[in-house]
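Quick note: the sequence shown uses our numbering, first residue 60, plus one each step.
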Amino acid sequence: MNQTLKKRLTWAAWIWMVFMLMPAFQRSQVYTIGLDSSWAIALKMAVEQNLHFGQDFIFTYGSLGFLNTGYLPEGINYQLITFLFYLLVQVGFIVLIVKIIKGFESKLIPLLLVGLLFFPYRFISDVSFSLLMLQIGFLYLFLKEKKAYSLVVVSVITIIAFFVKLNLSLIMLIIWFGSLVFFATKHYLSVRLSIGLLALTVVLLFALAQILHTDLMIYLVSGVKLIDGYIDAQATMTDIQGERIVWVASALMILVALFLWTIWEYLQQTAPKLNNLSDKLYVIFLIAIALFLSYKQAFASMSSFNLYGFFLFFPAAMALLLLFESSAKLKLRIIVVILCSFLFRNTLHWYWSDHTVKGYLFSVFPKSKSDLKNWRNKKSVSDGIMTFVGSSPVMKFFTNSFEKEKIDFSQDEKNKRALPAYAKEYLKKGSVDILPWEISYLAINQLNYNPRPIIQTYQAYSGYLDSLNAQKYQSPTAPDYLLYQELPYREQYFFWDEGQTKLSILKGYDVKDSLYVKQDEKSVDSLLVMEKRKVQTTSFTEKAISSKTIKTFETMDLPSTSNILFVKWNVEYSLMGKLLRIAFQPPYLYANFTYSDGQKERFRVVPSVLKGGVIANKRVRNNLEAFTFFNTNGKNNVSIKSIKFETPYPWGFDSNCTVEVKEVIF
């Protein structure tokens, strides 16, 4: 290859690299209905209403969470913040990649690798994990170069991440504070400077908390509860079953083997910039923790979509090893890991895209096959290729940031959420919350959103979180109206979530109305409207019936009563169950219900919800049964006579559990 051609190819590769690192401004142009978009919209509404995060609004995403959703709060300030934030992320990655490329004699290979790492959809689109990668990368830069600017970047990234997504940022805070201690003990930093950086981080966290309306202590405590409960309540495998899980496990084992193979070579080589074994172990620890967090993200709620994200981040984390002066042998091993990850990722992409070239080109981000079919039919082949190459040109990054176009729902989705005019008239006179999650009803009808702290029912994973919502509905700031739906959620008996909150509703609200909203020619969506009583005339007393230890998997007969039974089961994981919970997913627990009318049903139940307490003896599976429950305090609902827990993994739970039974009398 002559020098002229080589230079041209290198320049082309540089342009390609920059193009892949400059995605379109992270902003959605259209709202959508559904569970995930509901919390994203609620997050935007909470910021616009100046709600206090940690007190009025508790979620795994914080007051800067909109940086990851694309649903920007209204106002030029938020657009400017978002624009500058993404510019920081882009420049940060470019700095890291330029540093990596300097270690290669030939620039073509690393530049092409960058194309693979960030291809076929934008790695940077997941802001929280991108910030983690940036944090680790700049910690590595400091370890290599001992230049203070790297630590300044790390401190800024860590502080911003704390207000974007709490669960991952807690790990990032631990990494940052632990790294300062490590650098001080190694004399890479003076003790005084380490303490100063630590103090500065804490001071800035408190200062930003004031500016961003965040109550730090409640935000932290509630966030930890949310994170812990997520592991139990959200563990599922949606489209990865049978032989597919064998393929996934095989791919994972290959990647783990390649990781160990690469790390072994890294430990063997002599790196001039690293002083001793402890430096290398520090490097390996940070890569390992990043990979484990990415793995837990993908496997806690296991689906093709989440696995795609794991295969996206795995090679990027491994590539950070190239920041250090590495042997040709190590570089080769890292390239093999990246290529294997790329192969697995695109095999999954091919499977998801219905096994056609056109489907693959049109699904730059994995889509469900039904959506993909409609999407392909609306686009030409050239549009599909542009989707594959990049959803928009580089300049769109700058132009999109200050667009005047207002984000809104499509007309079809507005029609599916349009409440009757008479209902909108009285609902607009007060504040409104909705259970379990469909915030689009409030946004489309422009109602005054007054949320309970845990904004979606399925996230009130514990008695503590449930109690926060119950307190809200008994407080002077309780919403004037509640919209309520009893919706199916995975395999779970969904009525058991928010047990204390439902008792608060019975105490403070009356059923006012039933609303029906046409979805299409064949289906209608229904909601209950509950209105807060002007005067608290209803109260209840709790009468303890029993507290005892029983066999976890024996049948428990419930006392016969027309009143409500509030029951707490302290079901604990065994040691093996706890280890499985950390390494993969917790063992699943099911409950067999026998009803007073002779029918039987089986549901999945969540141990952390059982510990917080549930309304155990009333059958509520749909809106009709919910109407009966809230209208009659449960007296006219079919009763649950007995409950028997079972599991495919009996070794995953303690053989005994304690049970507390209380009768709630209105």
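No residue lacks a Cβ here, since even glycine has one placed at the ideal position from N, Cα and C.
Close beta carbons around residue i, own chain, < 7 Å, minus the five adjacent residues each side
i, result
"Glu-557", "Thr-516, Ala-519, Asp-525, Asn-528"
"Ile-724", "Phe-599, Thr-600, Lys-602, Asn-622"
"Ser-701", "Thr-614, Met-615, Asp-616, Leu-617, Thr-653"
"Ile-393", "Thr-321, Met-377, Ala-378, Leu-380, Leu-381"
Residue i vs residue j beta-carbon contact at 8 Å
i, j, result
"Asn-226", "Gly-282", "yes"
"Ser-385", "Gln-327", "no"
"Leu-285", "Thr-63", "no"
"Ser-521", "Ser-360", "no"
"Val-594", "Val-720", "no"
"Tyr-90", "Phe-686", "no"
"Gly-121", "Val-213", "no"
"Leu-381", "Ile-159", "yes"
"Thr-69", "Lys-161", "no"
"Tyr-552", "Phe-662", "yes"
"Leu-565", "Phe-689", "yes"
"Thr-217", "Thr-260", "yes"
"Ile-699", "Leu-617", "yes"
"Asp-569", "Arg-592", "yes"
"Phe-112", "His-272", "yes"
"Val-718", "Lys-607", "yes"
"Leu-336", "Phe-373", "no"
"Gln-559", "Gly-693", "no"
"Asp-492", "Pro-535", "no"
"Ser-563", "Tyr-575", "no"
"Leu-275", "Leu-256", "no"
"Leu-170", "Trp-73", "yes"
"Leu-319", "Val-395", "no"
"Leu-139", "Gly-124", "no"
"Thr-295", "Arg-549", "yes"
Own chain residues within Cβ distance below 8 Å of residue i, not counting five before or after
i, result
"Gly-636", "Pro-645, Pro-646, Tyr-708, Trp-710, Gly-711, Phe-712"
"Ala-220", "Ser-187, Leu-190, Leu-191, Gln-194, Leu-227, Ser-228, Met-231"
"Gln-108", "Tyr-508"
"Ser-249", "Ala-243"
"Ile-277", "Gly-113, Gln-114, Ile-117"
Own chain residues within Cβ distance below 6 Å of residue i, not counting five before or after
i, result
"Phe-370", "Ser-400, Phe-403, Arg-404"
"Ile-117", "Ser-281, Pro-512, Ile-513"
"Leu-94", "Trp-496"
"Ala-39", "The question about residue 39 has no answer here: the residues shown for the chain are numbered 60 through 725."
"Val-8", "Shown here, the chain extends from 60 to 725; a query on residue 8 therefore has no answer."
"Leu-210", "Phe-201"
"Ser-490", "Asn-507, Asn-509, Pro-538, Asp-539"
Span of the alpha helix (DSSP H) around residue i
i, result
"Phe-358", "336-359"
"Val-213", "207-223"
"Leu-191", "186-204"
"Trp-320", "302-327"
"Tyr-485", "480-486"
"Asp-274", "Neither: Asp-274 is in no alpha helix (DSSP H) and is coded neither H nor E."
"Thr-620", "No alpha helix (DSSP H) contains Thr-620, which DSSP labels as neither H nor E."
"Leu-248", "It is not in any alpha helix (DSSP H) - Leu-248 carries neither H nor E in the DSSP assignment."
"Gln-149", "135-161"
"Asp-579", "Careful: Asp-579 lies outside any alpha helix (DSSP H) and carries neither H nor E."
"Pro-374", "363-378"
"Lys-473", "470-475"
Anticipated Cβ contact below 8 Å, residue i with residue j, distance rounded
i, j, result
"Ala-99", "Tyr-130", "5 Å"
"Ile-397", "Met-377", "7 Å"
"Leu-542", "Val-583", "No, Leu-542 and Val-583 are not in contact; Cβ-Cβ is about 15 Å, not under 8 Å."
"Arg-640", "Tyr-649", "No, Arg-640 and Tyr-649 are not in contact; Cβ-Cβ is about 17 Å, not under 8 Å."
"Thr-614", "Ser-714", "Contact doesn't hold; Cβ gap of about 15 Å is too wide."
"Ile-604", "Glu-722", "6 Å"
"Gln-578", "Lys-475", "5 Å"
"Tyr-341", "Phe-241", "6 Å"
Beta carbon proximity, residue i to chain C, threshold 8 Å
i, result
"Ser-469", "The chain inventory of the structure shown lacks chain C, comprising one protein chain alone."
Extent of the continuous beta strand (DSSP E) to which residue i belongs
i, result
"Glu-705", "699-705"
"Thr-600", "600-610"
"Asn-715", "715-724"
"Val-588", "583-591"
"Asp-492", "490-494"
Any non-hydrogen atom of the ligand FAD within 7 Å of residue i CB
i, result
"Ala-519", "By its list of ligands, the structure shown contains no ligand whatsoever, and the ligand FAD lies outside what it can speak to."
| request: Give, in chain order, every unbroken run of the alpha helix (DSSP H) that is at least 4 residues long and sits entirely within the segment 500-571. | output: 522-532, 558-567
| What are the start and end residues of each continuous alpha helix (DSSP H) run of 4 or more residues lying completely inside the segment 101-133, in chain order? | 125-128
| request: Would you mind listing the beta strand (DSSP E) stretches within the segment 628-671 that are 3+ residues and don't spill past its ends, in chain order? | output: 648-654, 659-664
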